[in-house]
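Numbering-wise, the sequence shown is residues 30 to 252 according to our numbering. Beta carbons are placed, not taken as given, at the ideal position from N, Cα and C, and that holds for glycine.
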Amino acid sequence: MSLRVIMLGAPGAGKGTQAERLAEREGLPKISTGDILREAVTRGTPLGEAAKEVMESGHLVGDDIMIALVGERLGEADCGRGFVLDGFPRTVPQARALDGMVAGHGPLTVLHVKVPLEVLVRRLSTRMVCHDCGHNMAPELTPADPCDRCGGAFVQRADDNQEVVRERLKVYEEETEPLVEHYRALPTFFTVDGDQPADRVSEDIRQAIARSRAAAAGSVGRS
Ligand code: AMP
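Here it is, written out as C-alpha cells:
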C-alpha cells in the first residue's frame, strides 16, 4: 500500500530525523527541500544562487520555485509507492499545489510534530550537523568527533545562529502554522509530541502511520 507523508513542524522539531527514520523503515524516499536547497547552494547552481541569501536570512524561497522543484521530484520513479516530505509544504499555496499533485493517489498522511517554543530555541542554537551529509550530531557525540554516517566534520548550520533562528520561528508561525488548520480535518492528520526522546517520537509516529493506513483503507472501502 502506498504512503504519502508530510512532516509538519517548526524548525528544530525533529522532522528531519524522524522523516529519515520513517523513510528508511518504509523503504520510501525522504525528500527534504532544505537539503536539496543546501546542496544547490554548495554546488553553486542557479537554484542555489537564487536561494542562498533568502536561506541565510531565515526567510522562505519563493513558492513558484519550490512548487516546481517538488513537482519535478515527486514525478521521479522512486516516488511511485510514496514519499516522506520534510520541509514542504511551508505555505498555504504550496499545500494547495501539493494537494493537486497527489490528487487521485490516496490521502496524504500529515504528521504534525509539536514542540514548545523554548525547547525549539534551545535545540536550534545548540544543534550541530555534518558539513558533508547534513546528518544531525547524535547526543552521545561531541563536535570534535567525526560524523557517524560519513566521517565528515560537525558544524553549526549557517541559519542556526540566534538572530536567524528567531526569524525562522516567526516565519514558521506566520506562514507554516496555518497549514495545521488546512489539514486538521483529514482523518489522516496526527499530532505527535516531539518533546520526547527520539525513539519515543518514532514509536508514536509508527502508531500514527498504522492508524493512518487503517483510516485510508476504511475510506477506500466506503467509496
Ligand atoms: P530546513 O532545512 O527545512 O529548515 O530549510 C532551510 C531553509 O531552506 C528554510 O529556512 C528556507 O529558507 C528554505 N526552504 C526549505 N524548504 C522550503 C520551502 N518548502 N519553501 C520555502 N523555503 C524553503
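At least one heavy atom of the ligand AMP is found less than 6 Å from the C-beta of L66. In this structure, DSSP gives L57 a state outside helix and strand, which the three-state scheme calls coil. Closest in alpha carbon position to R110, among A124, L146, P145 and A52, is A52. Contact between A227 and L149 does not hold, since their C-beta atoms are separated by about 15 Å, which reaches or exceeds 8 Å. Remark: the shortest separation between the CB of R119 and any heavy atom of the ligand AMP falls under 6 Å. Of the other Cβ atoms in all chains shown, 16 or more fall within 10 Å of the Cβ of P40; this residue is therefore buried. Its chain contains G163 as the residues whose beta carbon lies nearer than 6 Å to that of D64, once the 5 sequence neighbours on both sides are disregarded; these appear in chain order.
Ranking P75, R197, S86 and M95 by CA distance to the CA of I60 puts M95 first. By the Cβ test, the segment 97-116 is not in contact with the segment 79-87, since fewer than three Cβ pairs between them sit closer than 8 Å. Less than 7 Å divides the Cβ of A237 from the Cβ of F219. The alpha-carbon separation between C108 and P58 amounts to approximately 7 Å.
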